[in-house]
Amino acid sequence: MAKYELAVALVLALSLFGLTSAGDPDILTDFVVPPNVNNSNLNGSFFTYTGMRSLVGGNPPTTFTVTKASLNEFPALDGQSVSYAVLEFPAGSVNPPHTHPRGSELLFLIYGSLQVGFVDTTNKLFNQTLQTGDIFIFPKGLVHFQYNANQTDFAVAVSAFGSASAGLVSIPVTVFGTGIDDGILAESFKTNVTTIEALK
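Take full-length UniProt numbering: the last position of the sequence shown gets the number 200, and nothing is skipped along the way.
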């Protein structure tokens, strides 16, 4: 019986360890300063990101555009477990199916309408048509998309991520643009090589 209790305790302890290390790592200081930045010269500029100023009052988008404020663009986010992106959708445009392996996404639609959805690990689709002012959550790591079905007007959304570097895996690029053999893809999609080549 003691061996059984020890095994259960060990499993529980390891499970809790997995939960505690499932997000961005906690930091032991107030914030993280990159090695190339002199800490004594630090001021409010380090904590300010100005890369989205051009979006305010700008022209409607002509192509689908993502403007990010993540760890790469804004080093002050290191250790803070948050980042942002502004998504601009021209009429009829799509943000193709993709995942963020290191963070969930909370999308706030600030203009227009969007069809959005994600697929869970049981292959169930959860979709919704959003209107201005709506918020939708895409759970971490799940395949999801956004589509502006309006053929005459644009849409703009702001996404917050539960990671300073949520990552992006584009499904079309990953499947069709990374050199996976056409024969393997044809077999996987139950089609022929000619169709796979046409999709590329």
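Beta carbons are placed, not taken as given, at the ideal position from N, Cα and C, and that holds for glycine. Please read all numbers here as calculations on a predicted model, not as lab measurements.
Cβ-based burial, residue i [other Cβ within 10 Å; buried from 16]
{"i": "Arg-102", "result": "buried"}
{"i": "Ile-110", "result": "exposed"}
{"i": "Ala-198", "result": "exposed"}
{"i": "Gly-112", "result": "buried"}
{"i": "Thr-122", "result": "exposed"}
{"i": "Phe-89", "result": "buried"}
{"i": "Thr-195", "result": "exposed"}
{"i": "Phe-136", "result": "buried"}
{"i": "Gln-146", "result": "buried"}
{"i": "Val-193", "result": "exposed"}
For residue j and residue i, believed in contact at Cβ under 8 Å, the rounded distance
{"i": "Pro-96", "j": "Ser-159", "result": "Actually they do not touch by this definition, with Cβ atoms about 15 Å apart."}
{"i": "Lys-140", "j": "Ser-104", "result": "4 Å"}
{"i": "Gln-151", "j": "Ala-76", "result": "That pair is no contact at about 40 Å."}
{"i": "Ala-164", "j": "Leu-107", "result": "Rounded, the Cβ-Cβ distance is 18 Å, inconsistent with contact."}
{"i": "Val-175", "j": "Val-86", "result": "Not a contact, Cβ separation roughly 27 Å."}
Which residues DSSP lists as bridging residue i, in chain order
{"i": "Gln-131", "result": "Ser-113"}
{"i": "Gln-146", "result": "Asn-95 and Val-116"}
{"i": "Phe-125", "result": "Per the sequence shown, the amino acid found at residue 125 is Leu instead of Phe. Paired residues: Val-119."}
{"i": "Phe-108", "result": "Ile-135 and Val-158"}
{"i": "Ala-69", "result": "Tyr-84"}
{"i": "Tyr-169", "result": "Before going further, note that residue 169 is Val rather than Tyr in the sequence given. Answer by DSSP bridge pairing, in chain order: Thr-99."}
C-beta neighbour in chain C for residue i, strict 8 Å
{"i": "Arg-102", "result": "Of the protein chains in this structure there is only one, and it is not chain C."}
Start and end residues, beta strand (DSSP E) containing residue i
{"i": "Ser-83", "result": "83 to 89"}
Endpoints, the alpha helix (DSSP H) within which residue i is located
{"i": "Thr-195", "result": "193 to 199"}
{"i": "Asp-181", "result": "Here Asp-181 belongs to no alpha helix (DSSP H), and DSSP marks it neither H nor E."}
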